[in-house]
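These protein sequences, in sequence, are chains A and B.
If you read the first sequence in UniProt numbering, its first letter stands for residue 1, the second for the next number, and so on.
If you read the second sequence in UniProt numbering, its first letter stands for residue 1, the second for the next number, and so on.
Each residue gets a CB set at the ideal place from its N, CA and C atoms; glycine is no exception.
If you're wondering where the values come from, they're calculated on a predicted model, not measured in any experiment.
Inspection log for the structure reproduced underneath, given as C-alpha cells.
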Amino acid sequence: MEDLNLPPIDYAALSPILILFGVACLGVLVEAFAPRRARHPVQLVLAIGGSVAALVMVVLERNTRVVTIGDAVAIDGPSLFLQGAILLLGIVSLLLIGERSLEAGGPFVAQAALTVGSEKDNRQAQGAPGNTEIYPLAVFALSGMLLFVAANDLLTMFIALEVLSLPLYLLCALARRKRLLSQEAALKYFLLGSYASAFFLFGVALLYGYAGGVNLQQINEAVAASQNSDILLYAGLALLAIGLLFKVAAAPFHVWTPDVYQGAPTPVTAFMAACTKVAGFGALLRVLYVAFEGVQWDYQPVIGTIAVLTMIVGSVLAVTQQDIKRLLAYSSIANAGYLLVGVVAQNREGVSSTLFYLVAYGFTVLAAFGVVSLVRDADGEATHLSRWAGLGRRSPLLAAIFTFLMLAFAGIPLTSGFISKFVVFGAAIDGGQSWLVVAGVVTSMIIAFPYLRVIVMMWLSEPAETTPTVSVPGWMTSAAVFIGVLATLALGVVPSPLLDLTNDASLFVR
Amino acid sequence: MLVLLAVHALAAVLAPSLVRALGRRALYLLALAPAAALGWALTTATATETHPWVPQLGLEVALHMGALGRLMVVLVGGVGALVLAYSARYFAPDDAGLGRFAALFVAFAGAMLGLVVADDLLLLYVFWELTTVLSYLLIGHDAARRAGRRAALQALLVTTFGGLAMLVGFIVLGEHAGSYRWSVIAGDLPSGPLLTVAAVLILLGALSKSALVPFQFWLPAAMAAPTPVSAYLHAAAMVKAGVFLVALLTPAFAVSAVWQAVAVTAGLATLLYGGWRALREHDLKLLLAYGTVSQLGLLVAVLGTGTRTAALAGAAMVLAHALFKSALFLVVGVVDHVTGTRDLRELSGLGRRMPALAAVGVLAAASMAGLPPLAGFVGKEAVFAAFATGAPLDTAVLAGLVAGSALTVAYSARFVWGAFGGAKPSEALPPGPALLAPAALLAAAGLAAGLAAPVVDGLLAPYAAGLPGPGYHLALWHGLSVPLGLSAVAVTAGAAVFAATRRRSRDAAERPPAGTAAYDRLMHGVDRLAVELTGATQRGSLPFYLGVILLVMVVLAGVALLAGAPWPVALRPWDTPLQAVVGAVVAVAAIGAARAHRRLTAMILVGVAGYAVAVLFILHGAPDLALTQALVETATIVMFVLVLRRLPATFSERPLRGSRLVRVAIGVAVGAVAAAMAYVAAAGRQARPVSLGFPDLAVSYGGGDNVVNVILVDIRAWDTMGEISVLVVAATGVASLIFRRSADLRQRAPAPPPGPGTGWLRTATGAAQQSIVLQVVTRLIFHVIVLFSLYLLFSGHDAPGGGFAGGLVAALALAVRYLAGGRDELNAAAPVDAGKVLGTGLFVSVGTGLAALPFGGQILQSAIVDLHLPVLGHVHLVTSTFFDIGVYLIVVGLVLDILRSLGAEMDRQMSEPEEAA
C-alpha cells in the first residue's frame, strides 16, 4: 500500500474559514465554562471579533487565486468576493442578533426546551436573559457559508451545506415570543431542507457515477468527453439543482420561505435573507459555471423557466400579504428570481452582476428587517401591516428609512435596487436572454404595488389607537440599520467601485 | 448645470434647519435656488456638460440645454421660485411640516431641472423617477383622508408603471442605437419594428406622467395636495415632464406613424374629456385640474405632430399654459386661504371685495381662454395655423382642437364666474400683497409674453427649426386669417356653452374620474389573483409543500431519465427466486405501513420490512450484515414503542380520499423515479469496484476473516470513528431534551438500588405491577445474553459479530430487563451512568487509534498479536479489537441512555401530575 501523502494546504487562503470555525468552537467552550452573566458580552465580542478577523484575512488574501487542500477548496475571485460579502453582511446580522435593549433579555428564548405555554415558559418570556448559544450557532453557519461558496468539489460543498443549514434550523426555533410559530417554522425548514439535502447528495452520487469524481473540474472535463450515460449527468444535475435552488428559495422550492421568515426570530430572518442567499447563489454560480459549462444550452431553458416562475410567484403573491415579514419573504423570493436571471446569462457580466446584486440586496434586506424589529407593542413585534398605518406620524425618521428601503426594493433610481436590477438585466440581454428581462420588468411593475402600498399606508393613514410604538433602538440595531441604509444609498449613487470589484472578481479558477 | 443641481441639492439638505432657524421666511432664501436656474437660463442660450458617473453601465451625467430645454428651465426655475415665495405666506408660521415641505419642494425643483437638461436617457429616467417619488411625498403632505391615500397610491402606481415602461423603451432604443445620449441617437435613429416598440413604450411613460387618456384619472385625485404643490407640480413642472418628453423626442420620432397616431389620438381625447369634465366641477381646484388634463392633451397632440408650425405652437402653448395655470392655482390658493372654501356654489362677491385678486384671476383666465393680447391667444393662433392646411386628417384634428378650445373658453368663464361673480358681500379679509404678488407676476408674465410675441418667437424658433413644413412666426396679428376666425368661433361657442351649462346643478362632481373603474378592476383583479394563488399554494401545510418539491423532482429527474434513453440493459432480475419473494414481502409491508391507521401497526410493518431486508442480506451471503440489521431493527422497535406510549394510538388526521389518492400517486411516482435512478446508476458502473480487493486485504493487513468487521474497525476506521462520535452526541442530545431540569440530568446516574441482593444478581423491589414470571425469567437469561454479546464482540474479527452487533445484543438485554421490571429494574441491572459508559467507549476507541502512534504506526493502524496463553490456548489478537470494544461500549451506552430518558424519565414524568400551569 503506498503511503498517503498529505496534500499541500494553503492555510493563509483558508484562514477565514478556519478562524470562524475556531471561533465557533471557542464559543461552545465559553458556553460550557464562562459564568452565565458574562456569556453574552463574551460571546458577542468573540463572534464579531472573529468575523472581523476573518474579513481582514479575506482582504489580505484578495489577490490569491489558488485551488488548495487536495482540490477541495478554490479560493478565487468569486469566492473571495462572496466570502467578504458574507462576512460583512454577517457582521451586520450579528449586530441585530446581539441587540438586547429592545426587549428584556433579547429576542431569543432563554431555554429552548421549555414546554410552550408552561409556567416556566411564561416566566422566561418576562425577561430571562436569552440564549447565548445562538452566537456559536451563527458563527458555525457563517463558516459553513464561507466554505460553501469556495467548495471546489461536490462533497465539500455538501458538507458546507450541512454546516450552514443545521445551525440555521436551530436558530429558527429560538424566538422568545410566538414560540409555537417559531418551532413550526424550524420544523418545516428542517424537514424540507433535509429532503433538499438528500436530493443534493443523490445528485452527487449520480454525478460521481458519471464523471468518476466529484471535483468540479473533473465533471467539467467529463461533460466534454465522457463515455458514460447522459442520464447520470442530467438526473444528477437536476437533483443537485433542486438542493441548491431550495436554499436560495427559488420557485417551486420557495414554499418554506414565507412560513420560515415569519416564524423565525427577526434577526435570524435577516441573517438568512442576506447571508444564506449570498452563499446559495455563490455555490450555484460555481457549480453551473465551472462544472456544467459544457451543457449550458441544456440547462439554461430550465433555469430560465424557474427564474420566470420565481419572479411571478414572488411578485404576485406579495400583493396580498398582510404581514410585513411575509411580504419581505415574498420579496426575497422575487429577488431570487432576478438573481437567477443574472445566473442564466452565463457570461462574465452574469457573474459580476449577480455578485453586485447579492451585496446590494443583502444590505437593504438587513436594514429592512432591522426596522421591522423596532416596531413593537406589548406582545413583541407588530408585524401585521394594518398596525403600520400612520407610522409616519408617530416616528417620521423610521418611516422615512423604511420608505427609502421599499423604494430600493422597488428599484427606483439612486438606490442600489435600481443599479442591481439594471446590471442583472443588462447581463441577461448580452447573454441573449431577453425573454427573462421582459418577465423581470413586468414582475417589477407588479411587485412595486405592495411596496408602494406600504409606503402609502405609513404616511397617509391616521395613526390608530393600535399603531404600535417604535422602540428606541440600542446602538447595535441603529448601527445595523444605518449601515444598511448607507450601503443602499451609496451603491445607488456611486456604484462604480463595487462594480469594478465585482468585475475583477468574476473569473473562476479552474 | 451640475453646479445648479448641486445648489438645489444643498438647499434641500439645508432646508429643514433653515426653516427651523428663520421660520417661513427661509422659503424666500430657498427660492434663490430655482431663481438661479432661471437667471442662468435667461442668460445662456445653449450649454453642454458631461461628467462620468457609472462608466461600467454607460451611465454618465450628460447634460445638454437646447431651445426646448431652455424654455423648460425658465419655467421650472421661474415658477418654482415664485411658488416658493408664495408658500412663505401660504402656510401658517407654525406649520410643523414646513421644513419637510421646503426640503422636498426644492429637491423636486432640482429633480425637474435635471430632467429637462438630461441628455443621457438613463439619467433622464433617474430624474423622472425622482420626480415621481418626491411628488408623492409632496402630495401626501397633509392628506390623511382615505381618498387622499387612494389618490397618492394611484398616482404613484400609474406613474411608476409608466416610468418602467419608458425605461424599457429607452433601453430598447439605446441598445439598438449603441448610445444613450439623445443628442447622438436623435441624429441617427434606427428604424424598424424595434423603433415602434420603443416609441410605444416611451409614449406610455409620457402619457402616464402627463395624465393623458387612458391614465387621466390620477391627476384630479392627486388634488389632495396643498395648493402650492398643485400649482407647481400639476401646472408647471411634473405633468409637463411627459409633454417635455414628447416635445424632445418628436423631432426624431415623427417618422414613426405610430408615435404620431398615438400622441394625437390620446391628446385629442384627453382635450375633450378634460374640458367636458371641467364644466361639471364645483370645486375650483378640481375645475382647474380637469382644465389641466384637457390642456395637457392639447399640448401632446400638437407637440406629437412633428411639423414645424405645430412644434413652435406647442412650445408657445407650454409657456402660456405654465404661466396662466400656475397663476390660477395660486389664485385658488388665495381664495381658499381667505374664505376657507373652494366650492364655487358657496363663493360669492369676492370680485367686489378683492378687486386686485379678481384682476389677477381674470387676466390669467383670459389667457387660458385664449383671448388677445395674451400668451394663450398667441399660442392658440399658432396651433390653429399648424393644422389649417386643408389636408383631411389635419382638418379633422383641427375640428377637435376648436371644440376643445370652445370648452376651454367655457370653463375659463365658469372659473371666473364661480370664483369672483355674485353679488353677496363677502366677510373675508383681502390677502396681503406678499401672497398675491407671485400670482400677479405670473399673470403679468402671460401678458408680457403675449405682447412680446416676436421675442418669444425668436427664442423658441430654434427648437422647431429642423422640422419639415412651412415657416411660421408667433405674433398677435396675422391679418384676417383662418385661425383668427376659428378663435372667434371658439370664443363664441365657448360663451354659449357656458351660458347653457352654468345654471345646471349636477352632482357629477361626486363621480370619480373615468378610468378609475378600470384601474380599480385591474387592482382588484391582481389582488384577487394573489389571494387565490396564496390560498392554493401557501396553506402552511407541510405535506403540500413537500408534495410540490417531490413533484418537481419527479418531473426534472424523470425528464432527464427519459431523455437519456436508451437505458443500460444489463438487467438481471434475481439470483434466486427467493429474493423476489422477500422483495415482495418488503413491498407489501411498506404499502401496509403507509395505509396503516394505528401508529403501532405502521411501526411494526416498517420493522417487518427491515427484517425482510435482513433476510435479503442472508440470501446474498452476508450473515454479518443480516445480524446487524436484525438487531438494529429490534432495538429500533423498542425505542419506537417507548416513544409511541406518549403519542395517540392512531394517526391524528386522515386526509380526504381525494388528497389521499394524490399522495399515493406522488409517492408511487417518486418511488418509481428513485428506483429508476438507482437502477441506472448501478447499471452505469464502468470502473472496477474498490471493494474487490477487500477480502485479501482484510486478512493480510487487518488480520481478520470477517471482512465487514475489518472494514468497520480497520479499513474504514475513520468513518467508524466519526459515526460513534455522532452516536455519542445524539445520545447526549436525547437525554438533554427529555430530562427537563438540568438537575435531573445530573442525577440520572441511578442511586444505589434499594432492593436485596448484591453483586451480580442485583434486583429491584417495588416492581409489583409487572409479571413476576417475566421478571424472573429475564433476570435468569440476562447474564447469558450479556455473555453472548461479549462472545460476539471478541469473535467478531473472524466470525459474524463485532462490537456493534455485540453492543446491540447487550443493549437488548438491558431493554428486556427494563420492559419486564421498569426503571428500578433497569437501574439494578446497570447501576452506571450512561454518560460514563459513552465517554469510556469513546475514550477507548480514540485511545486505541492513538496508541499506534508511539509505536511508529499511523493513527488507527492495527497490529496483529499471536499469543499462547496457558488456559485459553492460542490467542489471535488484533489491536483493532480494542477499538471494537469502544464501539461496543458506546452502543450499550446509547441504548442505556435512551432507555433511561425515553423510558424511565418519561415514566416518571407520566406518573407525576402535569406541571401546574
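Asked: State buried or exposed for residue 11(A), treating a residue as buried only when at least 16 other CB atoms are found within 10 Å of its CB.; Found: exposed
Asked: Can you check whether the CB of residue 17(A) is closer than 7 Å to the CB of residue 114(A)?; Found: no
Asked: Under a Cβ-count criterion, where at least 16 other Cβ atoms within 10 Å of its own Cβ denotes burial, should residue 782(B) be classed as buried or exposed?; Found: buried
Asked: Have a look at the DSSP bridge pairing and note the partners of residue 885(B).; Found: Partner(s): none; residue 885(B) has no beta bridge.
Asked: Give me the Cα-Cα distance between residue 130(B) and residue 125(A), rounded to the nearest whole angstrom.; Found: 45 Å
Asked: Measuring straight from C-alpha to C-alpha, what distance separates residue 339(B) and residue 276(B)?; Found: 27 Å
Asked: Closer than 6 Å: is that where the CB of residue 641(B) sits relative to any heavy atom of the ligand MG?; Found: With respect to small molecules bound, the structure shown includes none, and the ligand MG cannot be examined in it.
Asked: Can you find a CB in chain B that lies within less than 7 Å of the CB of residue 242(A)?; Found: yes
Asked: Can you give me, in chain order, the residues of the segment 52-67 of chain B that have a beta carbon less than 8 Å from any beta carbon in chain A?; Found: 53, 54, 55, 56, 57
Asked: For the beta strand (DSSP E) that residue 60(B) lies in, which residues bound it at each end?; Found: 59-65
Asked: Measure the alpha-carbon distance for residue 914(B) versus residue 121(A) and round it to whole angstroms.; Found: Caution is warranted here: a pLDDT of 49 is assigned to residue 914(B), below 50, making its placement in the model unreliable, and no coordinate value can be reported.
Asked: Residue 933(B) by DSSP, collapsed to three states: which one?; Found: This structure cannot settle anything about residue 933(B), because the visible part of chain B is limited to 1 through 917.
Asked: Using only the alpha-carbon positions, how far apart do residue 800(B) and residue 714(B) sit?; Found: 16 Å
Asked: Going by C-alpha to C-alpha distance, which of 712(B), 677(B), 854(B), 437(B) sits closest to residue 624(B)?; Found: 712(B)
Asked: Within 7 Å (strictly less), CB to CB, does residue 316(A) reach chain B?; Found: yes
Asked: Since residue 530(B) contacts residue 446(B) with CB under 8 Å, what's their CB separation in whole angstroms?; Found: About 49 Å separates the two Cβ atoms, so there is no contact after all.
Asked: Could you tell me which chain B residues have their CB closer than 9 Å to the CB of residue 228(A), listed as they occur along the chain?; Found: 684, 686
Asked: Taking the alpha-carbon positions, what's the residue 718(B) to residue 899(B) distance?; Found: 28 Å
Asked: So, with DSSP's three-state summary, where would you put residue 93(B)?; Found: coil
Asked: Find the residues of chain B that neighbour residue 188(A), judging by a C-beta separation of less than 8 Å, and give them in chain order.; Found: 542, 545
Asked: In chain B, which residues lie less than 8 Å from residue 335(A) when you measure between Cβ atoms?; Found: The premise fails here: residue 335(A) is roughly 16 Å from chain B at the closest Cβ pair, so nothing lies under 8 Å.
Asked: Of all the options 95(B), 97(B), 73(B), 33(B), which has the alpha carbon lying nearest to the alpha carbon of residue 85(B)?; Found: 33(B)
Asked: My output table needs one value for residue 462(A): the three-state DSSP class, helix, strand or coil.; Found: coil
Asked: For residue 551(B), I'd like the list of residues in its chain whose CB is within less than 7 Å of its CB, leaving aside the five on either flank, ordered along the chain.; Found: 666
Asked: Quick check on residue 52(B): does DSSP put it in helix, strand or coil?; Found: strand
Asked: Taking the straight line between their C-alpha atoms, what separation do you get for residue 500(B) and residue 425(A)?; Found: 57 Å
Asked: For the alpha helix (DSSP H) containing residue 156(A), name the first residue and the last one.; Found: 154-172
Asked: Using a Cβ-Cβ cut-off of 6 Å (strictly less than) and excluding sequence neighbours within five positions of residue 222(B), which residues of its own chain qualify?; Found: 139, 151, 155
Asked: Ends of the alpha helix (DSSP H) at residue 527(B)?; Found: 516-537
Asked: Need the endpoints of the alpha helix (DSSP H) that residue 120(B) sits in, please.; Found: No alpha helix (DSSP H) holds residue 120(B); DSSP gives it neither H nor E.
Asked: If we count Cβ pairs, one from each stretch, closer than 8 Å, do we get three or more for the segment 97-105 of chain A versus the segment 54-69 of chain A?; Found: no
Asked: Please report whether the beta-carbon of residue 549(B) lies at a distance below 7 Å from any beta-carbon of chain A.; Found: yes
Asked: On the CB-based measure, 16 or more other CB atoms within 10 Å of its CB, does residue 70(B) come out buried or exposed?; Found: buried
Asked: Assess, as a yes-or-no matter, whether the segment 680-699 of chain B is touched by the segment 230-238 of chain A under the definition of 3 or more beta carbon pairs within less than 8 Å.; Found: yes
Asked: Any beta-carbon of chain A closer than 7 Å to the one on residue 707(B)?; Found: no
Asked: Would you call the segment 204-223 of chain B and the segment 263-271 of chain B touching, i.e. three or more CB-CB distances under 8 Å?; Found: yes
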